[in-house]
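Working notes for the structure below.
Number of protein chains: 2
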Amino acid sequence: MARESELLVVSATGGEPAWKQRAVERSTRAAKLRAERKVEQFLDAAQAIIVAKGTTDFTVQEVVDRSGQSLRSFYQHFGGKHELLLALFEDALRRSAEQIRAVAGDEVDPVVALRTAVRLLFESSVPDPSARHPLFTEFAPQLLVSYPAEVRAAHAPLLEVLAEMTVRAEAVGQLRPSLRPRRAAAMVMETVMFLAQSTAIADDEGSHPITADEVWDFCASGFVAG
Amino acid sequence: MARESELLVVSATGGEPAWKQRAVERSTRAAKLRAERKVEQFLDAAQAIIVAKGTTDFTVQEVVDRSGQSLRSFYQHFGGKHELLLALFEDALRRSAEQIRAVAGDEVDPVVALRTAVRLLFESSVPDPSARHPLFTEFAPQLLVSYPAEVRAAHAPLLEVLAEMTVRAEAVGQLRPSLRPRRAAAMVMETVMFLAQSTAIADDEGSHPITADEVWDFCASGFVAG
DNA sequence: CCCCTCCAGAGAATGATATTCTCTTATCCT
DNA sequence: AGGATAAGAGAATATCATTCTCTGGAGGGG
Numbered sequence: 011m012a013r014e015s016e017l018l019v020v021s022a023t024g025g026e027p028a029w030k031q032r033a034v035e036r037s038t039r040a041a042k043l044r045a046e047r048k049v050e051q052f053l054d055a056a057q058a059i060i061v062a063k064g065t066t067d068f069t070v071q072e073v074v075d076r077s078g079q080s081l082r083s084f085y086q087h088f089g090g091k092h093e094l095l096l097a098l099f100e101d102a103l104r105r106s107a108e109q110i111r112a113v114a115g116d117e118v119d120p121v122v123a124l125r126t127a128v129r130l131l132f133e134s135s136v137p138d139p140s141a142r143h144p145l146f147t148e149f150a151p152q153l154l155v156s157y158p159a160e161v162r163a164a165h166a167p168l169l170e171v172l173a174e175m176t177v178r179a180e181a182v183g184q185l186r187p188s189l190r191p192r193r194a195a196a197m198v199m200e201t202v203m204f205l206a207q208s209t210a211i212a213d214d215e216g217s218h219p220i221t222a223d224e225v226w227d228f229c230a231s232g233f234v235a236g
Numbered sequence: 011m012a013r014e015s016e017l018l019v020v021s022a023t024g025g026e027p028a029w030k031q032r033a034v035e036r037s038t039r040a041a042k043l044r045a046e047r048k049v050e051q052f053l054d055a056a057q058a059i060i061v062a063k064g065t066t067d068f069t070v071q072e073v074v075d076r077s078g079q080s081l082r083s084f085y086q087h088f089g090g091k092h093e094l095l096l097a098l099f100e101d102a103l104r105r106s107a108e109q110i111r112a113v114a115g116d117e118v119d120p121v122v123a124l125r126t127a128v129r130l131l132f133e134s135s136v137p138d139p140s141a142r143h144p145l146f147t148e149f150a151p152q153l154l155v156s157y158p159a160e161v162r163a164a165h166a167p168l169l170e171v172l173a174e175m176t177v178r179a180e181a182v183g184q185l186r187p188s189l190r191p192r193r194a195a196a197m198v199m200e201t202v203m204f205l206a207q208s209t210a211i212a213d214d215e216g217s218h219p220i221t222a223d224e225v226w227d228f229c230a231s232g233f234v235a236g
């Protein structure tokens, strides 16, 4: 078996022999590229299905069919449907964070930046059948109960953007003194996303449909000093 | 057939004959009682399973077995599993509303009452494996996407309690002027429940676990005048 | 008292999905 | 080229929810 000589070489060089490292690296890189391509095909297919059906109630089979690949391959790249959803969710949140940073990143007044961020986030999070921004919040709740850690990880980029803003706000004395800035950012993020979600429960009679401005108003007077 | 003479009698008396009305009434009342007993057995069984397993991922079969009844009967009393969940959810929220009213109902200062309400609601909503208060919020998200109207209805009693408080707060000038009181109550309710939910996503490293006081603090400075 | 109807128990049948397995074919690396 | 590895096709399995069929029993009307 090669295993033994490998071990000997390893102990001689303190690692893998260079050629092997290179080979493995090349091999894994190629494999990784292939895998990434495949994964993206699955993600694209799922995304397309979601916008087409306006819901996240798709079957794995649909994704497989649409991506022109096989179940076999799907389960080779994803631990299960939940990983696909998580990937989509993560991606959507990452893009949302980027968008926010792009639009509000160089605003000098941190409170103004936060207002922009809250509005954008709210609008991205409201379950809107118009496809521009994928309705990624619809499945977040389900994931939240089953995979809290992963959801937390997915939230990270967004939390980062908001935290930068609340930190700046604190620095210029615009944050209510008793609040830790990151804590405030987390609460704002979750509040905005969840309130956007909750618009689903109340757009029948004229009473409810909460707006981005209301949400901002509600959050803001919770953490803006004064 | 009896049908024809029934119709004659009906047209003669402007309704059912009294004996028949009574009989039907007695019969339907008995049936209703039986149905209620059955329904409660199912609800109790489900409740017990939830606290036993610490999750809402039970099967209908488990509920049926535990309640000592039959699938047949289950679907005779519930339109589906979701109705069972909804019933449980509704019940839990109703009880929570009652509890809040009992504890904070005769507090003169509406802001103090609201603080009590927020704390109680938060503590009832946090997914805590300790069984005292059933962890009813876990399945709310799933229901929210599928049965928004029913969820809205389930929220009603709680919303009512909070709305009474915000209305009183407004009356004594303790509510931020730009906020409509019922709107504020809705946002507070949803924020508290959702933030309690979100504690699930972050109780690993020492950073997160949000407390009831923090949530109160966050909400309060959003709607208390000044 | 007997029959008849309706309720409900037991559990098999169905249907939808996720997940795994088997066999075979294509692809890539050395 | 040759061997490993990925991947396609799709059957098999597992898990549930939901429905169906058959059956027994209890209560009420004749």
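Chains as they are written, first to last, in this note's numbering: chain A, 11 to 236; chain B, 11 to 236. Just so it is clear, CB atoms sit at the ideal spot from N, CA and C, and this is done for glycine as well. Computed from a predicted model, the values in this text were never measured in an experiment.
query, result
"Burial state of residue 11 of chain B, where buried means 16 or more other Cβ atoms lie within 10 Å", "Any answer about residue 11 of chain B is weak, because its pLDDT of 39 lies below 50 and its placement is not dependable; what the coordinates show is given next. By the 10 Å Cβ count, residue 11 of chain B comes out exposed."
"Residue ranges of each alpha helix (DSSP H) within the region 110-175 of chain A, 4 or longer", "120-135 and 150-156"
"Residue-chain proximity (residue 59 of chain A, chain B), Cβ-Cβ < 7 Å", "no"
"Residue nearest to residue 102 of chain A in terms of C-alpha spacing, selected from A:230, A:133, A:47 and A:210", "A:133"
"Local Cβ density within 10 Å of residue 122 of chain A, reported as buried at 16 or more and exposed below that", "exposed"
"Three-state class that DSSP yields for residue 226 of chain B in the structure shown", "helix"
"Residue from A:227, A:209, A:225 and A:230 with nearest C-alpha to residue 138 of chain A", "A:209"
"Contact between the region 100-117 of chain B and the region 157-169 of chain B (3+ Cβ pairs under 8 Å)", "yes"
"Cβ-based burial, residue 160 of chain A [other Cβ within 10 Å; buried from 16]", "buried"
"Candidates A:136, A:204, A:203 and A:175: closest to residue 190 of chain A by CA position", "A:175"
"Closer than 7 Å to chain A by CB, residue 162 of chain B", "yes"
"Bounding residues of the alpha helix (DSSP H) (the contiguous stretch that carries residue 196 of chain A)", "191-208"
"Residue-level contact to chain B via CB, residue 210 of chain A, 7 Å cutoff", "yes"
"Chain A contacts made by the region 180-211 of chain B, where a contact means CB separation under 8 Å", "186, 188, 189, 192, 193, 194, 196, 197, 200, 201, 204, 205, 207, 208, 210 and 211"
"Beta-carbon proximity check, residue 60 of chain B vs residue 66 of chain B, cutoff 7 Å", "yes"
"Top-ranked residue by Cα proximity to residue 130 of chain B, from B:114, B:194, B:54 and B:184", "B:114"
"Min CB distance residue 132 of chain A to chain B below 7 Å", "no"
"Nearest neighbour of residue 79 of chain A, chosen from A:187, A:124 and A:49 [CA to CA]", "A:49"
"Contact test: residue 186 of chain B Cβ vs the ligand ADP heavy atom, cutoff 6 Å", "Only the bare structure without any ligand can be found here, which leaves the ligand ADP out of the picture."
"Distance, residue 100 of chain B Cα to residue 83 of chain B Cα", "21 Å"
"Cβ neighbour criterion (16 or more within 10 Å) applied to residue 116 of chain A", "exposed"
"Cutoff 8 Å; reference residue 222 of chain A; Cβ partners in own chain excluding five residues on either side", "128, 129, 132 and 133"
"Classification of residue 227 of chain A by the beta-carbon crowding that lies within 10 angstroms, buried from 16 upward", "buried"
"C-beta atoms of residue 74 of chain B and residue 81 of chain B nearer than 7 Å", "yes"
"Cα-Cα separation between residue 104 of chain B and residue 120 of chain A, rounded to whole angstroms", "41 Å"
"9 Å Cβ cut-off: residues of chain A touching residue 167 of chain B", "Those do not exist, as residue 167 of chain B stays about 15 Å from chain A at its closest Cβ, beyond 9 Å."
"Close Cβ partners of residue 24 of chain B (< 8 Å) along its chain, the five nearest in sequence each way excluded", "Caution applies to residue 24 of chain B, whose pLDDT of 49 falls short of 50 and renders its modelled position unreliable; the value that the coordinates give is listed next. Closer than 8 Å at Cβ, skipping near neighbours: no residue."
"Identity of the residue in A:90, A:46, A:112 and A:172 nearest residue 6 of chain A by Cα", "In the structure as shown, chain A starts at 11 and stops at 236, and residue 6 of chain A therefore has no counterpart that could be examined."
"From B:229, B:230, B:206 and B:231, residue whose alpha carbon lies closest to that of residue 219 of chain B", "B:206"
"Residue 220 of chain B: contacting residues in chain A (beta-carbon distance under 8 Å)", "193, 196 and 197"
"Boundaries of the alpha helix (DSSP H) in which residue 84 of chain B is found, first to last residue", "81-87"
"Residue 118 of chain B versus residue 179 of chain B: straight-line alpha-carbon distance, rounded", "10 Å"
"Chain-ordered neighbours of residue 86 of chain A on chain B, where CB pairs are closer than 7 Å", "Chain B residues near residue 86 of chain A: none, gap ~27 Å exceeds 7 Å."
"Residue 55 of chain B and residue 77 of chain B closer than 7 Å at C-beta", "yes"
"Spatial neighbours of residue 225 of chain B in its chain, beta-carbon cut-off 8 Å, leaving aside the 5 residues before and after", "128, 132, 201, 202, 205 and 206"
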